[in-house]
Amino acid sequence: ESPLILGEHVTVGEGAGCVHTAPGHGHEDFELGMKYGLRILNPVNNRGVFTAEAGPFAGMFVDKANGAIIEELERRGLLLAHGHIQHQYAHCWRCKSPILYRATEQWFASVEGFRQEALNAIKEVKWIPGWGEERIHNMVADRADWCISRQRVWGVPIPIFYCQDCNDYIATDETIKAVSDLFRAEGSDAWFSREASEILPARFKCPKCGHSEFRKETDIMDVWFDSGSSHAAVLETRPEMEWPCEIYLEGSDQHRGWFQSSLLTSVATRGRAPYRSVLTHGFVVDGEGRKMSKSLGNVVYPDQVIKNYGADILRLWVASADYKQDIRVSQDILKQLAEVYRKIRNTLRYLLGNLYDFDPAVDAVDYGDLPELDRWALHRLQKLVERVGRAYQEYEYHLLYHDIHNFCVIDLSAFYLDVLKDRLYTSGATSRERRAAQTVLFRLADTLVRIIAPVLTFTSEEVWQYLPRSARAPKTVQLADWPRVEERYVDEALAERWEKLLVVRETVSKTLEEARAKKEIGTSLEAAVEIYCTPQLSGFLQDYLPELPSILIVSQVELFSGANEAPSGTFFGEGPESLRVVVKRAVGEKCERCWQYRDLGVAPDHPTVCGRCAAVVEGMDR
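First residue of the sequence shown? That's 52 in this note's numbering, and the numbers climb one at a time after it.
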């Protein structure tokens with residue numbers, strides 16, 4: 052008898068017409084057989100050998116039975132033809148051997164009874180990134196049953212017994228407690244080393260037939276059930292931890308695995324998710340986006356990275372990557388990160404190098420007495436603390452990586468520290484000008500070392516040991532308080548003014564580069580700059596005229612109201628902010644101390660230095 056049934060899983064690309072179906076040996080065939088009420092025939096045992104249901108072929112291994120079956124069909128006159136074809140077949144991903152699918156009895160946990168509670172619990176969790184919520188929601192919404200048994204020789208056993216007489220399964224409070232007590236005393240391996248009679252209570256009888264001989268279940272728990280219950284085994288048994296936990300962290304494949312199994316076991320037994328947030332990351336691939344494998348020779352080993360670059364470079368790579376996607380790593384990427392690390396480290400070295408004679412408890416200058424440039428640096432520092440703190444809180448580590456790097460390179464090295472060199476190197480050692488600069492350098496170093504500590508752990512600890520601090524300060528940066536935004540240092544109006552000054556500085560720098568390319572000047576200190584600008588901009592710059600040479604790092608600056616009246620030079624900008632810049636060689640001679648071009652010989656005892664430097668040197672002599 053061969054009824055015809057409709058199998059919509061057989062597509063034109065995979066086959067057409069009438070084909071055979073085997074409900075006992077394939078997922079789609081099984082579901083089709085259940086739909087049409089077919090018998091689930093499965094005449095193959097656990098060893099791949101035909102059972103008695105296979106008649107004359109019983110005891111034969113499935114592959115070796117092919118010839119015997121063909122001969123029997125031919126003997127009965129039922130064989131139309133036979134031949135050999137080559138086609139794809141399922142193989143084990145580990146040992147590469149062919150796989151035979153079999154329908155077998157399994158243990159299931161029904162999700163239908165608490166699916167809605169699970170869906171509600173998903174909404175209470177913070178998913179990072181946000182698409183994780185929809186992903187796991189759809190998986191749970193479409194799930195009916197969870198097959199929790201596996202046919203393997205290792206793993207956590209399913210604590211079920213069977214009566215040897217009536218073959219009924221036994222799982223009562225009494226038997227579960229007996230197994231639980233045994234596992235707590237000897238571990239789960241006791242299930243395999245002990246007989247059923249040694250595990251069950253003395254004189255235990257089958258609840259159904261009263262028989263007293265039993266066998267154990269040989270299947271093990273699905274490993275996802277095992278790991279999915281770890282929240283109860285770990286969080287609820289250790290006093291230093293709490294349930295639910297703050298965060299689960301794993302790869303994006305775990306929405307189907309650990310994240311979901313933990314959710315289901317927790318909702319079923321405790322009514323809510325075992326985690327407050329779930330963070331999903333991508334997978335590590337090579338520089339070209341390929342999966343790493345020994346056969347391709349593209350594996351980057353962490354221990355080799357640490358050996359070649361140090362642990363902080365490896366940690367910096369982790370922080371620099373946007374983990375929401377697959378994360379690339381290669382020797383070229385690590386070299387680039389080593390350069391970024393070098394810039395951050397050198398910035399910290401420069402800060403420390405200028406604090407060797409600074410005691411913050413004695414030498415610090417009050418905020419109100421700081422020059423405007425120093426107050427600008429403190430304002431920028433507060434903005435950095437705000438952004439970095441938010442990035443840490445939101446697990447956006449690649450943002451804090453860029454923010455810290457840009458602050459060190461752009462705000463500090465390319466501008467603030469560059470301008471500050473003249474004041475640090477030429478002012479008197481204990482002068483208010485130098486102490487003001489050191490006050491800010493200390494705050495910069497003290498804050499930077501704290502915010503990089505979670506990533507550049509070893510570097511920050513090294514810096515902390517050399518940073519001037521009080522005796523009450525923690526011995527390690529890891530115990531230091533996290534820096535907070537100090538509102539008294541936030542000055543948006545000041546920041547707006549200096550943004551305008553930075554635009555002027557950038558314009559002047561471009562003109563200086565052009566003059567340098569034409570061999571008109573060497574270093575920027577050989578230049579005198581004439582700035583022709585609108586009356587509005589001229590009035591603004593006039594207030595900063597004494598500081599403009601140091602801001603622009605030139606020897607002299609002259610202001611002229613009227614951008615269009617410049618005799619020559621490059622025109623920049625439009626409207627009230629427009630200006631022309633003319634570069635000339637500075638007048639005077641080069642001071643051998645500050646390298647600026649000025650009138651020398653003001654002090655007879657120091658004929659080779661300018662008047663400012665002469666005063667400092669004479670103060671040193673006294």
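All C-beta atoms in this analysis are idealised placements derived from N, C-alpha and C, irrespective of residue type, glycine included.
Computed from a predicted model, the values in this text were never measured in an experiment.
> What three-state label does DSSP hand residue 460 in the structure shown?
Replying inline: helix
> How is the alpha helix (DSSP H) around residue 197 delimited, first residue to last?
Replying inline: Unbroken run through residue 197 is the beta strand (DSSP E), 196 to 198; no alpha helix (DSSP H).
> Based on the DSSP output, what are the partners of residue 328 in its beta bridges?
Replying inline: 177, 298
> Looking only at C-alpha atoms, which of 229, 349, 210 sits nearest to residue 220?
Replying inline: 210
> Just the Cα atoms here: how many angstroms apart are residue 536 and residue 334?
Replying inline: 35 Å
> Could you give the distance in angstroms between the alpha-carbon of residue 316 and the alpha-carbon of residue 78?
Replying inline: 26 Å
> Skipping 5 residues on each side, what residues in its chain have a beta carbon closer than 7 Å to that of residue 233?
Replying inline: 241, 250
> Would a C-beta distance cut-off of 8 Å place residue 432 and residue 494 closer than the cut-off?
Replying inline: yes
> Straight-line CA distance for residue 85 to residue 91?
Replying inline: 8 Å
> Near residue 198, what residues of its chain come up, given a Cβ to Cβ distance below 6 Å and the 5 sequence neighbours on each side ignored?
Replying inline: 157, 159
> From what residue to what residue does the beta strand (DSSP E) around residue 607 run?
Replying inline: 607 to 612
> Counting only runs that start and end within the region 525 to 587, where is the alpha helix (DSSP H) found for 4 or more residues in a row?
Replying inline: 543 to 568
>> Can you list, in chain order, the residues of its chain with a C-beta nearer than 8 Å to that of residue 152? Leave out the 5 residues immediately preceding and following it.
In response: Around residue 152: 76, 77, 78, 141.
> Closest by CA to residue 176, which one among 280, 543, 327?
Replying inline: 327
> What residues match up with residue 255 in a beta bridge as DSSP calls it?
Replying inline: Bridge partners of residue 255: none, in fact.
> Grouping DSSP H, G and I as helix and E and B as strand, with all else coil, what is residue 664?
Replying inline: helix
>> Our contact map puts residue 518 next to residue 496 with C-beta atoms below 8 Å; I'd like the distance itself, whole angstroms only.
In response: 6 Å
> Based on the DSSP output, what are the partners of residue 142 in its beta bridges?
Replying inline: 149
> Using DSSP with H/G/I as helix, E/B as strand and the rest coil, what is residue 411?
Replying inline: helix
> For residue 439, which residues from the same chain have a beta carbon less than 7 Å from its beta carbon, with the 5 sequence-adjacent residues on both sides left out?
Replying inline: 451, 454, 455, 502
> DSSP puts residue 214 in a beta bridge; with which residues?
Replying inline: 265
> Between the Cα of residue 610 and the Cα atoms of 320, 582, 595, 355, which residue gives the shortest distance?
Replying inline: Relative to residue 610, the option among 320, 582, 595, 355 whose CA is nearest is 582.
> Can you tell me where the alpha helix (DSSP H) with residue 432 in it begins and where it stops?
Replying inline: 423 to 444
> Going by C-alpha distance, which of 648, 352, 585, 392 is nearest residue 744?
Replying inline: The requested residue 744 is not part of the displayed model; the chain covers only 52 to 673.
> Starting from residue 629 and walking both ways along the beta strand (DSSP E), at which residues does that stretch end?
Replying inline: It is not in any beta strand (DSSP E) - residue 629 carries neither H nor E in the DSSP assignment.
>> The beta strand (DSSP E) that contains residue 317, what's its start and end?
In response: No beta strand (DSSP E) contains residue 317, which is instead part of the alpha helix (DSSP H) from 309 to 321.
> Ordered along the chain, which non-local residues of its own chain (more than five positions away) have a Cβ less than 7 Å from that of residue 660?
Replying inline: Cβ-Cβ distances below 7 Å link residue 660 to 642, 643, 644, 651, 668 in the same chain, with the five nearest sequence neighbours on each side left out; the list follows chain order.
> Is the region 482 to 494 in contact with the region 361 to 379, if contact means three or more CB pairs nearer than 8 Å?
Replying inline: no
> residue 487 by DSSP, collapsed to three states: which one?
Replying inline: helix
>> Taking 8 Å as the cut-off, does the region 199 to 207 touch the region 271 to 287 (at least 3 CB pairs, one atom from each stretch)?
In response: yes
>> Less than 8 Å between the C-beta atoms of residue 102 and residue 95, yes or no?
In response: Yes.
> With which residues is residue 381 paired in a DSSP beta bridge?
Replying inline: None; residue 381 has no bridge partner.
>> For a quick check, are the C-beta atoms of residue 121 and residue 130 less than 8 Å apart?
In response: yes
>> For residue 664, count the other beta carbons within 10 Å of its own beta carbon; 16 or more makes it buried, fewer makes it exposed. Which is it?
In response: buried
> What does a CB cutoff of less than 8 Å around residue 596 pick up in its chain, not counting 5 residues either side in sequence?
Replying inline: 608, 610
> Are there three or more Cβ pairs, one per stretch, closer than 8 Å when the region 393 to 402 is compared with the region 506 to 517?
Replying inline: yes
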